[in-house]
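Structure record follows, encoded as structure tokens.
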Amino acid sequence: MNKIIVQKYCLILSDLFSIFCSYYLATEVVNHLNGIVTHKFNFHHWSWLKLLDVTMFIVFFWQKQLYFKRRPNWEEVRIIYKVLLIIALINVPVLFFKHLGATTNVTLFCTFWLLLLLLIPLFRSITKLALFNMGIWQRNLYIVGIDENAVVGYELLTASNLLGYKVKGFIDLTNKTSKVLVSERNVPVIKLEELMIQSKNSEILVCLDGQNLALHLKLINSLQTYFLSVMILPQLDGLPLYGVEVNHFFGNEQLLLRLESNLSSRFNRMIKRIFDIILSFILLPILLFLGLLISLLIFMEDRGSPFFIQKRIGKYGRLFGCVKFRTMHKDAEQILEQWRNHDDPIYLEYVANNYKLPMDPRVTKIGRFLRKTSLDELPQLINVIIGQMSLVGPRPLLSGELSDYTDGEFYYTQVSPGITGLWQISGRSKTLFTDRARLDSWYIKNWSLWYDVVILIKTVVVVIKSDGAY
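Position one of the sequence shown corresponds to residue 216 (the numbering used here), numbered consecutively onward.
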């Protein structure tokens with residue numbers, strides 16, 4: 216049987232299994248909460264009541280090309296959640312129209328949909344990885360180009376087995392003698408003639424570059440007859456890409472790209488602020504409980520103040536007091552001054568390492584734990600609630616650091632700094648300052664509420680693993 220057909224059926228079965236498990240587990244949860252069997256699960260009852268929902272799931276998922284188009288994992292999850300929200304909203308009036316608005320039925324309904332949010336992406340990922348290991352989800356990919364853009368394309372499409380791509384070769388159209396960049400990937404550089412012979416059931420990625428643009432564009436039309444699909448990776452560094460509107464003109468071969476800065480919209484800024492406030496108040500009880508405990512531990516260690524307040528640059532360049540739990544000894548600033556005055560090697564290491572030290576002797580025992588778990592950032596929820604910070608955003612900078620942001624300085628001052636951000640999930644303390652500036656600029660130019668959700672989820676994972684923290 217054709218591998219593509221097997222892939223589709225396996226993903227459909229995965230989604231059906233997710234729906235089945237979600238409904239079964241939801242009934243068990245409700246039964247446990249009530250202490251009595253109020254929704255005894257049986258296949259006959261389930262098959263008739265949920266047939267319409269199952270049909271809608273498959274139709275909507277098929278319409279969104281979730282059974283045959285390969286997308287980055289978080290983009291696929293976003294589309295899945297969007298479809299689930301639509302179907303859930305369709306179900307709400309049905310629930311109450313049938314006089315099922317009792318507490319038990321509402322609990323069952325909410326539990327079922329919450330489980331779907333978890334299980335559908337989970338089982339789809341498991342299915343894809345299993346198919347990948349069996350060779351069914353794997354798809355051969357060829358990359359046109361041997362320059363830096365081609366390497367970027369290679370890294371993007373092979374970063375996760377969930378996409379399923381196996382790069383079989385780089386194609387050099389320029390006959391360059393230097394192939395250093397691609398030779399490190401253990402992938403052969405092949406000729407275009409060999410490519411046409413091996414193209415069956417494969418995809419190709421054309422990595423455009425300014426020097427060979429005309430040659431690449433001429434090649435693209437001929438490639439479409441040989442490959443399952445042709446992907447194009449243009450060089451658009453620095454442009455805001457999220458939500459780009461693509462238009463074409465009838466009878467012409469030109470594309471019009473409409474770019475918008477999402478955070479320049481007052482409505483989007485309001486949505487981000489509402490999201491910050493709601494989630495902050497949800498987390499506030501955790502802050503109060505842990506805050507009291509952590510404050511006591513800090514005070515017991517050296518009888519000093521549990522909090523450390525430092526002036527940072529906020530929105531529009533205004534200074535504000537950024538609140539954190541104190542992680543250093545009370546005389547940390549005096550120690551740093553001594554290092555600086557005596558040209559101590561440890562100070563040179565401190566400056567060279569983006570003003571951080573992996574084993575900073577000024578950090579207390581409890582402070583080292585707080586930094587590793589990022590619990591020292593918890594008091595910044597206060598900054599978020601009063602509007603000085605956001606849950607997600609660029610890292611709050613010191614006054615002397617803003618000038619080092621170069622081109623990113625303008626973008627930084629247009630938004631509120633965040634407790635976490637792209638820098639947090641991209642290496643934390645190991646992230647270079649220049650990379651941090653680039654990541655912050657990318658986030659501001661490509662903001663979406665979905666990206667905030669993804670960054671928050673990834674932050675939890677990074678903190679649990681303690682990656683890059685010191």
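Here a beta-carbon is modelled for each residue, glycine too, at the ideal position from N, C-alpha and C.
Cβ neighbour criterion (16 or more within 10 Å) applied to Met-543 | As a first step, residue 543 must be located in the sequence shown, where it is residue number 328. Its Cβ being crowded by 16 or more others within 10 Å, Met-543 is buried.
Assuming Lys-660 and Ser-476 make a contact with CB atoms under 8 Å, what is their CB distance in whole Å?
-> Sequence index remark: in the sequence shown, residue 660 carries index 445 (1-based). Sequence index remark: in the sequence shown, residue 476 carries index 261 (1-based). Right, the Cβ-Cβ distance comes to about 6 Å (below 8 Å), so this counts as a contact.
Taking Val-538 as the reference, which of Leu-448, Gln-639 and Leu-502 has the closest Cα?
-> By 1-based counting over the sequence shown, the position of residue 538 is 323. Nearest option by C-alpha distance: Leu-502.
Just confirm the distance between the C-beta atoms of Phe-283 and Lys-223, as a whole number of angstroms; I'd bet it's less than 8 Å.
-> Here residue 283 refers to the residue found at position 68 of the sequence shown. Here residue 223 refers to the residue found at position 8 of the sequence shown. With a Cβ gap of about 6 Å, Phe-283 and Lys-223 count as contacting.
Give the straight-line distance between the Cα atoms of Asn-217 and Ser-495, rounded to the nearest whole angstrom.
-> Position 2 of the sequence shown, counted from the start, is the residue given in the question as residue 217. Position 280 of the sequence shown, counted from the start, is the residue given in the question as residue 495. When rounded, the distance between both Cα atoms is 50 Å.
The stretch 236-244 / the stretch 320-333 touching (three or more Cβ pairs under 8 Å) = yes
Where Glu-418 falls: helix, strand or coil (DSSP) = Locating residue 418 in the sequence shown gives position 203, where the first residue counts as 1. It is a strand residue.
So what's Glu-408 in DSSP terms, helix, strand or just coil?
-> Taking the sequence shown and counting its residues from 1, one reaches residue 408 at position 193. Reduced to three states, the DSSP call for Glu-408 is helix.
What separation, rounded to the nearest whole angstrom, lies between the Cα atoms of Met-604 and Thr-373?
-> Here residue 604 refers to the residue found at position 389 when the sequence shown is read from its first residue. Here residue 373 refers to the residue found at position 158 when the sequence shown is read from its first residue. Near 36 Å, if we compare the C-alpha coordinates of Thr-373 and Met-604.
Counting along the chain, where does the alpha helix (DSSP H) carrying Lys-279 start and finish?
-> Here residue 279 refers to the residue found at position 64 when the sequence shown is read from its first residue. Note, Lys-279: premise wrong, no alpha helix (DSSP H); not H, not E.
If Gly-532 and Thr-628 are in contact, beta carbons under 8 Å, what's the gap, nearest whole angstrom?
-> Counting from 1 along the sequence shown, the entry for residue 532 is found at position 317. Counting from 1 along the sequence shown, the entry for residue 628 is found at position 413. Correct: roughly 5 Å between the Cβ atoms.
Going along the chain, which residues of its own chain have a beta-carbon closer than 6 Å to the beta-carbon of Leu-388, five neighbours each way excluded?
-> Here residue 388 refers to the residue found at position 173 of the sequence shown. Cβ neighbours of Leu-388 beyond the five flanking positions: Leu-430.
Could you tell me which of Gly-379, Tyr-369, Gly-368 and Leu-438 sits nearest to Ala-168, measuring between CA atoms?
-> Shown here, the chain extends from 216 to 685; a query on residue 168 therefore has no answer.
Looking at the structure shown, is Met-485 part of a helix, part of a strand, or coil, going by DSSP?
-> Working through the sequence shown from its first residue, we reach residue 485 at position 270. If DSSP states are grouped into helix, strand and coil, Met-485 belongs with the helices.
Per-residue burial, Leu-428 [other beta carbons within 10 Å of its own, 16 or more giving buried] = For the purposes of this step, residue 428 is taken as the residue at position 213 of the sequence shown. Burial call: exposed.
Just the Cα atoms here: how many angstroms apart are Ile-273 and Ala-365?
-> Numbered from its first residue, the sequence shown carries residue 273 at position 58. Numbered from its first residue, the sequence shown carries residue 365 at position 150. Going from the Cα of Ile-273 to the Cα of Ala-365 covers about 36 Å.
Counting only the same chain and skipping the five closest in sequence on each side, list residues whose C-beta sits under 6 Å from that of Gly-316.
-> On the sequence shown, position 101 is the one that residue 316 refers to. Residue placement at Gly-316 is flagged as unreliable, the pLDDT there being 49, under the threshold of 50; the coordinate-derived value follows with that caveat. Nothing meets the Cβ criterion.
Could you check where the alpha helix (DSSP H) with Lys-218 kicks off and where it finishes?
-> As a position in the sequence shown, residue 218 is number 3, starting the count at 1. Its alpha helix (DSSP H) spans residues 218-249.
Would you report the Cα separation of Ala-241 and Asp-230, rounded to the nearest angstrom?
-> Against the sequence shown, residue 241 aligns to sequence position 26. Against the sequence shown, residue 230 aligns to sequence position 15. A direct Cα-Cα distance of roughly 16 Å separates Ala-241 from Asp-230.
Given Phe-276, which residues of its chain have a CB within under 7 Å of its CB, disregarding the five upstream and five downstream residues?
-> Along the sequence shown, read from residue 1 onward, the residue named residue 276 stands at position 61. Cβ within range, chain order: Asp-230, Tyr-282 and Val-298.
Among residues of its own chain, excluding the 5 on either side of Ser-663, which ones have a beta-carbon nearer than 8 Å to its beta-carbon?
-> Mapped onto the sequence shown, residue 663 falls at position 448. Within the same chain, Ser-663 has close Cβ partners Tyr-457, Gly-458 and Asn-477.
Nonlocal neighbours in the same chain, by C-beta distance under 6 Å from Gly-174, ignoring five residues either side = Residue 174 lies beyond the residue range present for the chain, which begins at 216 and ends at 685; the question has no answer from this structure.
Contact set for Asn-376: own chain, Cβ-Cβ below 7 Å, skip 5 residues either direction = Sequence index remark: in the sequence shown, residue 376 carries index 161 (1-based). Around Asn-376: Leu-344 and Phe-347.
Starting from Phe-385 and walking both ways along the beta strand (DSSP E), at which residues does that stretch end?
-> Here the question's residue 385 lines up with position 170 in the sequence shown. Start and end: 380-386.
Residue environment, Ser-618, which counts as buried when at least 16 other CB atoms sit within 10 Å | Here the question's residue 618 lines up with position 403 in the sequence shown. Classification for Ser-618: exposed.
Report yes if the C-beta distance between Val-402 and Phe-385 is below 7 Å; otherwise report no.
-> On the sequence shown, position 187 is the one that residue 402 refers to. On the sequence shown, position 170 is the one that residue 385 refers to. Contact annotation: Val-402 and Phe-385 have beta-carbon atoms nearer than 7 Å.
Thr-579: buried (16+ other C-beta within 10 angstroms of its C-beta) or exposed?
-> Counting from 1 along the sequence shown, the entry for residue 579 is found at position 364. Under this definition Thr-579 is a buried residue.
Which term fits Phe-442, buried or exposed, when burial requires 16 or more other beta carbons within 10 angstroms of its beta carbon?
-> Within the sequence shown, residue 442 is the residue found at index 227, counting from 1. The residue is buried, with at least 16 neighbouring Cβ atoms inside 10 Å.
3 or more residues per run - each beta strand (DSSP E) lying fully within the stretch 449-485 = 460-463 and 470-473
So does the stretch 510-524 actually touch the stretch 580-591, counting three or more Cβ pairs closer than 8 Å?
-> yes
Which of helix, strand or coil DSSP assigns to Ile-358 = One-based indexing of the sequence shown puts residue 358 at position 143. Three-state result, Ile-358: strand.
Would you kindly report the start and end of the unbroken alpha helix (DSSP H) that includes Arg-555?
-> Counting from 1 along the sequence shown, the entry for residue 555 is found at position 340. Start and end: 547-556.
Can you say whether Asn-556 is buried or exposed, counting buried as having 16 or more other CB atoms within 10 angstroms of its CB?
-> Reading the sequence shown from its first residue, position 341 is the one you call residue 556. Classification of Asn-556: exposed, given that the 10 Å Cβ count is below 16.
Roughly how far, in whole angstroms, is the beta-carbon of His-463 from the beta-carbon of Leu-474, given that I think they are within contact range, below 8 Å?
-> In the sequence shown, counting from the first residue as 1, residue 463 sits at position 248. In the sequence shown, counting from the first residue as 1, residue 474 sits at position 259. 16 Å between Cβ atoms; not a contact.
Decide yes or no for the touch test of the stretch 594-604 against the stretch 559-568: beta carbon pairs closer than 8 Å, at least 3 of them.
-> no
Could you give the DSSP three-state label for Gly-316: helix, strand or coil?
-> If you number the sequence shown from 1, residue 316 lands on position 101. Any reading at Gly-316 must be qualified, since the residue scores a pLDDT of 49, below 50, and its modelled position is unreliable; the value itself is stated next. Correct three-state label for Gly-316: coil.
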